[in-house]
Each structure stands twice: as C-alpha cells, then as structure tokens.
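Numbering (the working numbering), first residue to last: 452 to 932.
Everything on this sheet refers to the single structure shown next.
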Ligand SMILES: *Cc1c(COP(=O)(O)O)cnc(C)c1O
C-alpha cells in the first residue's frame with residue numbers, strides 16, 4: 452500500500468468515526484479489561500503492514516472512545532473539533548516541522564506570529580502583549596507565573612533565573628479559593644510551594660472578595676504578590692470584577708494573572724462581553740484553544756503584558772541553534788522572525804498555531820461569537836429544563852456555558868442519589884454529564900463548549916435524563932443498589 456492509499460484509508464476511518472458519533476453511545480462501552488485484551492500484544496519483533504496497524508487501531512479501540520467530539524458530551528469542559536482545524540492539524544503532522552525556531556520551520560513561525568496578533572485583537576487584550584502557544588492552560592499558567600515571578604523579584608533586585616528561590620523574597624499568590632488545581636500545580640512546579648497560595652475568599656456569586664483582597668494586600672503591602680483571578684470558574688463559569696481587582700492589585704505593585712481557560716472567549720460575543728470588562732488591565736492571561744475554539748488537543752495560549760519578563764523567564768540559547776534575531780539583519784526587512792523557543796516552555800514542538808490559524812479563518816469573529824452564544828443558550832436550556840423535571844433541582848443557572856443541577860432522593864440522601872443518577876444517565880449513551888462537589892453537595896455539571904451542539908442534541912439529552920428520573924421514581928429500590 453502506498454502512503455497515499457494509507458492516508459486515504461485513515462481519512463475514511465476518520466470520516467466514519469465523525470459520521471457515527473450521532474448513533475454511537477456517548478460513553479465508553481468497553482471495560483478496562485476489554486481494552487487491555489484488545490490492544491495488548493507482545494512487543495512486535497517484525498515490521499507489520501501499516502494498513503494492518505491502522506485497521507486494528509480502529510477495531511481494537513472500539514468502545515473505548517468517548518463521544519466527546521460530538522454534540523451531546525457535556526462533561527468537564529471539552530470541546531470538539533471544527534473540520535478546518537482538524538484538517539490543518541493533519542497537515543501539521545504531515546509537514547512535521549519542529550516549531551521551536553524560525554529556522555526549523557519558517558512558515559509555522561510566521562503563522563504563530565500572525566495568529567497571536569489575531570488572538571489579542573479578538574480577545575480584547577493589549578496589542579503589546581507577548582504570547583505563546585502551549586499544550587494547554589496548565590503550561591500557560593506555568594509560563595505566566597514564571598514571568599510574574601521574574602518581574603516581581605527583578606524589581607526587588609533579585610535575578611531568579613540565576614539565583615533561584617533560596618534567599619529570595621517569598622512570592623505569594625492570592626486567589627478567591629476557587630482557583631483551578633492547575634494554578635496550584637504551577638506554583639508547585641515553580642518551586643514556590645502551595646503554601647504561597649492565600650485564599651482571600653469569595654462572595655455568594657463566587658467572585659473574589661474585594662474587601663478581603665484589599666485587606667490581604669495591605670497586610671503585607673511590600674510582599675511580592677500575584678493576584679490570580681478567573682474568567683469562567685470550572686463549575687459555575689463565574690467571572691471576577693477585573694476593573695476593581697486590577698486597580699487594587701496594581702496599587703500594591705502586584706501582578707494580576709487571569710485563568711480564562713474557556714471564559715476568555717466571552718470577549719468575542721457582544722452578548723457576553725460585559726462579563727470580561729476590565730480584563731485587559733491584567734498582567735497575564737491564559738486560555739485554551741482546545742476548549743471553546745474547538746481545535747484538536749493539545750492547544751493552550753498564554754499572553755503576557757510584560758514581554759521582557761516573559762522572555763527573561765522562558766528564553767534559552769544554545770550554540771547549535773540558529774536564532775532569528777542573531778541572524779544577519781541586513782538580509783531581511785522588518786522585525787526579526789519569531790523564535791517560539793523564546794516564549795514557550797517546550798523545546799521541540801509541533802506547530803500548534805496552525806490549527807488555531809485555520810479555526811480562526813474558518814469561523815471568523817462571527818462564527819466564534821455565534822458558537823459562544825449558542826453554547827451558552829443551550830447550557831441555559833439544559834440546566835433549566837433538567838432542573839424542572841420531577842426529582843431535579845437547579846443549583847446554578849448558567850450565566851455563560853456552565854451550570855449545575857442535582858437530583859433529590861425521597862429519603863434525603865441527595866448526594867448518593869445524584870451520583871447514581873449521573874451514572875445511569877451516562878449509561879443511556881444518549882448524553883454524558885459528570886459530577887462534582889459544590890458547596891458541600893454532590894451536583895451534576897453541565898458544560899456546553901462544542902461547536903456542533905444543537906437544540907436537538909439538547910432535546911435528546913433532556914429526554915434521556917427524564918427517562919432515567921422517571922424510572923428511578925417508579926423503581927426506587929433500584930436507586931439503592
Ligand atoms: C481546563 C481548565 C484548566 C486546565 O487547562 P488545560 O488546558 O487542561 O491545561 C484550567 N483552568 C480552567 C478554568 C479550566 O477550565
């Protein structure tokens with residue numbers, strides 16, 4: 452089989468998968484044991500035909516793939532893939548450039564340069580900000596907090612890249628207490644330790660408590676401080692008061708970082724833009740392209756309002772590399788080319804910006820705004836319609852694409868009942884929701900970020916939930932199993 456035939460076979464498998472999403476169960480039907488049995492082989496000694504490898508990859512993973520690329524997956528915060536981005540991602544793999552340096556992959560360096568500028572404009576961030584295309588928000592946080600640490604310690608006469616942290620002023624990180632665990636992990640990986648995190652608290656709408664923030668800032672007015680805000684809290688999608696929080700933080704020379712993994716995209720929608728008012732005043736921002744922009748995993752973004760600090764924290768040099776800004780300047784016009792290694796924590800890397808570039812072109816500003824608005828409207832439908840079913844209760848009505856419901860047991864054991872109902876809803880294969888603990892109670896999370904989710908997907912999901920709840924009402928014993 453030629454490479455062309457193999458790629459055509461892969462394209463056919465891919466199309467079959469996508470076209471089958473609407474009929475197949477959304478949950479995984481294979482067990483761990485099934486998958487191990489299907490996929491396990493002794494380490495192959497001899498070469499196998501690529502077509503056999505490919506065909507068996509498809510047959511052996513059957514039942515082991517979630518339908519998260521489809522329109523009825525409402526778990527975690529997981530987007531699908533717009534076709535243009537998927538196809539561009541295939542090309543990226545095909546070109547197999549090392550997008551670490553301009554010299555390793557000139558076209559991809561220019562694509563990231565342009566795409567970064569587009570994103571700042573689209574998301575309403577300062578045009579002077581630096582940026583990087585990371586694997587996800589997690590590595591975006593790591594990059595941004597490394598830049599923050601550099602900036603805060605440099606202004607105290609400390610070169611953290613050279614001197615490390617031992618002997619440096621402690622850097623504290625103030626949060627609402629609702630920060631995503633990826634913030635905690637970044638603080639750990641940066642050697643600051645989770646003791647650096649200080650939860651100042653939040654109000655009843657899950658926004659950072661501004662009075663407590665001010666009090667905590669003032670308590671150690673000279674401390675090197677990062678204030679970490681959120682744009683789209685993981686369970687409720689809440690947004691902080693950026694204008695006030697940034698004013699307070701900056702009055703104490705603190706750095707403001709915003710985790711906007713999905714919520715930053717509210718900036719694109721005229722309907723929801725008010726939620727991110729003042730967000731441009733922050734010092735760094737992270738978001739994901741693999742969530743609401745619906746590009747393939749793994750694709751995150753970080754922006755930093757202080758390019759010098761960003762570069763000082765991340766950039767690296769080695770004699771065997773060829774850096775664009777070391778090249779003979781007389782050869783080219785305009786600013787030096789972008790070397791991604793100056794901004795990205797990775798060394799070798801795929802041209803992650805290519806799929807983002809394709810998604811932005813294929814959707815346009817209007818397509819992205821429409822996706823954000825439709826997902827938010829459908830999340831509202833899901834929460835209010837499920838919440839209105841007998842035996843269900845609304846906990847958080849979405850103001851954007853995230854909301855919470857729970858299920859009520861006649862004997863008051865709502866937590867256990869909610870988990871049981873979630874399991875049974877998943878088992879219908881019609882829709883997939885996950886659970887969480889919110890304010891001490893078990894809840895079912897509703898997250899809509901897939902570009903392809905429609906009203907009829909929501910109809911099917913609500914029907915599936917209604918059937919499960921109706922059965923539970925008539926067979927209460929089953930609920931205790
Ligand atoms: C998804 C998410 C993260 C983690 O992002 P990754 O892309 O998985 O690294 C962080 N914060 C929030 C609010 C998220 O939704």
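Glycine is no exception: its CB is placed at the ideal position from the N, C-alpha and C atoms.
The structure displayed is predicted, hence computed values, not measured ones.
- Within 8 Å of the C-beta of residue 897 there is not a single heavy atom belonging to ligand 1.
- If the five residues before and after residue 560 are omitted, its C-beta is found closer than 6 Å to the C-beta atoms of 553, 788, 789, all from its own chain and listed in chain order.
- Using a cutoff of 8 Å, the CB of residue 528 counts as near ligand 1, since one of the ligand's heavy atoms is closer than that.
- Secondary structure of residue 468 (DSSP, three-state): helix.
- Taken from the Cβ of residue 635, every heavy atom of ligand 1 lies 8 Å or farther away.
- Of the candidates 747, 680, 696, the residue whose Cα lies closest to the Cα of residue 689 is 680.
- Residue 843: member of the beta strand (DSSP E) spanning 843-847, first to last residue.
- A heavy atom of ligand 1 is found nearer than 8 Å to the CB of residue 739.
- Within the segment 475-506, the complete alpha helix (DSSP H) segments at least 4 residues long are 483-490, listed from N- to C-terminus.
- Residue burial is scored here from C-beta neighbours: residue 581 has at least 16 other C-beta atoms within 10 angstroms and is therefore classed as buried.
- Taking the Cβ of residue 713 as the reference point, at least one heavy atom of ligand 1 falls within a distance shorter than 8 Å.
- Excluding sequence positions up to five before and after residue 844, its CB lies within less than 7 Å of the CB of 838, 856, 857, 859, all in the same chain and listed in chain order.
- Relative to ligand 1, the beta carbon of residue 850 is positioned no closer than 8 Å to any heavy atom.
- In the displayed model, residue 766 falls within coil according to three-state DSSP, outside both helix and strand.
- The alpha-carbon of residue 836 is positioned some 7 Å away from that of residue 913.
- When the Cα atoms are used, residue 620 and residue 759 turn out to be separated by approximately 21 Å.
- Counting the other CB atoms within 10 Å of its CB gives residue 522 a total of 16 or more, which places it among the buried residues.
- The segment 806-816 and the segment 525-541 touch, with three or more beta-carbon pairs separated by less than 8 Å.
- Beta-bridge pairing by DSSP links residue 653 to 659.
- The residue from 592, 890, 749 with its alpha-carbon nearest to that of residue 734 is 592.
- For residue 485, the CB contacts under 8 Å within the same chain, skipping 5 residues up- and downstream, are 514, 515 in chain order.
- The alpha-carbon of residue 886 is positioned some 28 Å away from that of residue 708.
- Under the three-state reduction of DSSP, residue 791 is assigned to helix.
- Its chain contains 502, 505 as the residues whose beta carbon lies nearer than 7 Å to that of residue 460, once the 5 sequence neighbours on both sides are disregarded; these appear in chain order.
- Excluding the 5 residues flanking it on each side, residue 573 has same chain C-beta neighbours closer than 8 Å at 718, 719, 811, 816, 819, in chain order.
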